[in-house]
Amino acid sequence: MRLATWNVNSVRARLPRLLDWLGTVGPDVVCLQETKCASDAFPSAAVEELGYEVAAYGTGQWNGVAVLSRVGLADVVRGFPGEPGFPGPEARAIAATCAGLRVWSLYVPNGRSVDDPHFLYKLAWLEAYAAAVAGPVGRGEPTVACGDLNVAPTDEDVWDPAVFAGATHVTPAERQALARLRDLGLVDVVPHGQGERRPYTFWDYRGGAFRQDFGMRIDLVYATPGVGAGVRDAYVDREARRGTGASDHAPVVVDLDDLPGVHGEDRRVQARRSPG
DNA sequence: ATGACCGGTCGTACCGGA
C-alpha cells in the first residue's frame, strides 16, 4: 500500500496540482489537511474520476481534513470523543479504515504564540487525541495517525533552532504532548528528504524559504509497531512543493507492506464493494 | 527591515497560517 499525507492549503485552489499528483504518484490512501472547504463543497467528483472514494470533513474556510482511498473506505468517523473546540467544534480529525488499516487524517491546532489561548487549545487537543486512540492502539489495531501535527519533534526537525527560540512548534510542552502518542507505542515514520536533504515538510512562502531550504518537519506519520515494521520506503515529495501554485507543505509518501490477511484481491473486492 | 507569501472572505484590508 502506498499511503500519503499532505497539507494542501485549500483543496480547491490546489485541485489541478492534486489531480496531477495523484496521477503521478499513485497513492492508494491520501490524508489531506487544510482543505478549507465545507464537507459538501469538497471537489469529490474530480477525485472519484481517478478511482478514489472520498471522506471529507469541513465546516467552512478554516481547517478541514479528508481521506481519499482506492483500496476501500469504511467506518468513517469525523472528530473524536472528548475533542476540544475553540470554542466550538473544528474540523481537524477524520478516520477511515482502508484495506484493514485504521487511518487518521489530523490537523493539529497551530497554537499561534506561546502566550495565546490557542496554544493551550493545541496542547489540550493533542492530549485528548492521544486519549481517544489509546484504546484501539493498545489493542493492537493497525493504525496510522498522520497529518499536519504542527510540532517539530526535535531540534533536528527545524532548519535553525535559534530562529525558533520562544516560538511555537518547538516548545517542550508541545513536544511532550506529541510524545504522548509515542508513549502509546506509535512510531514516528521518518521519511528521507530525497538526496542528503533533511526531511522537512513545510517551508514558509515568504523570503524564498524553500529555495534556501529553511524548512520544518511537522507533517508526520505515526504508526502502530506492526505497521511501522512494514514500511518499505518513506520520502518527502519535494517536487510537489516546487513552482507556482504549490502548497507551502510537501506530501509525505510511505510505502507499506500489505497487512497480514489483506492481500491484493481482498483490496480489490473492498474497493468494488464500496459505494461510488 | 517590526518585511518579504498565499488563500479565503458579503473582500479591495484583514485574519490565519507556522
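In this note's numbering, the protein residues as written are 1 to 276.
No residue lacks a Cβ here, since even glycine has one placed at the ideal position from N, Cα and C.
This structure is a prediction, so every number in the text was calculated from the model and none was measured.
Exercise. Please classify M1: is it buried, with 16 or more other beta-carbons within 10 angstroms of its beta-carbon, or exposed?
Key: buried
Exercise. Give every residue of the same chain whose Cβ lies closer than 8 Å to the Cβ of R182, excluding the five residues on either side of it in the sequence, and list them in chain order.
Key: Answer for R182: D188, Y222, listed in chain order.
Practice problem: With distances taken Cα to Cα, identify the nearest neighbour of P191 among P117, V252, Q61. | Solution: V252
Practice problem: Buried or exposed for T24, please, with buried defined as at least 16 other CB atoms from any protein chain shown within 10 angstroms of its CB. | Solution: exposed
Practice problem: Would you tell me roughly how many angstroms separate the C-alpha atoms of Q270 and V71, rounded to the nearest one? | Solution: Residue placement at Q270 is flagged as unreliable, the pLDDT there being 49, under the threshold of 50; the coordinate-derived value follows with that caveat. Using only the alpha carbons, I get a separation of about 6 Å.
Quiz item: How long is the line joining the alpha carbons of A38 and P225, rounded to whole angstroms?
Solution: 34 Å
Self-check item: Reduced DSSP category for E53 - H, G, I as helix; E, B as strand; rest coil
Solution: strand
Practice problem: Could you tell me if Q33 is buried or exposed, where buried requires 16 or more neighbouring beta carbons within 10 angstroms of its beta carbon? | Solution: buried
Quiz item: What runs of the beta strand (DSSP E), each 3 residues or longer, lie entirely inside the region 19-78?
Solution: 29-33, 53-57, 65-69, 74-78
Quiz prompt | Status (buried if at least 16 other CB within 10 Å, exposed otherwise) for G243 | solution = exposed
Quiz item: Mind checking whether T143 and L73 have CB atoms under 9 Å apart?
Solution: Taking 9 Å as the Cβ cut-off, T143 and L73 do not qualify as a contacting pair.
Quiz item: Helix or strand or just coil, what does DSSP make of R241?
Solution: R241: helix per DSSP, three-state reduction.
Quiz item: Based on Cα-Cα distance, which residue from A56, L22, K36, G85 lies nearest to L50?
Solution: L22
Quiz item: Using a Cβ-Cβ cut-off of 7 Å (strictly less than) and excluding sequence neighbours within five positions of L178, which residues of its own chain qualify?
Solution: L126, L149, V151, P153
Quiz item: How do the region 88-104 and the region 62-69 stand: do at least 3 beta-carbon pairs fall below 8 Å, yes or no?
Solution: yes
Quiz item: Is the CB-CB distance between T201 and A250 below 9 Å?
Solution: For T201 and A250, yes; Cβs fall inside 9 Å.
Exercise. Give the DSSP bridge partners of A96, in chain order.
Key: A96 is bridged to V103.
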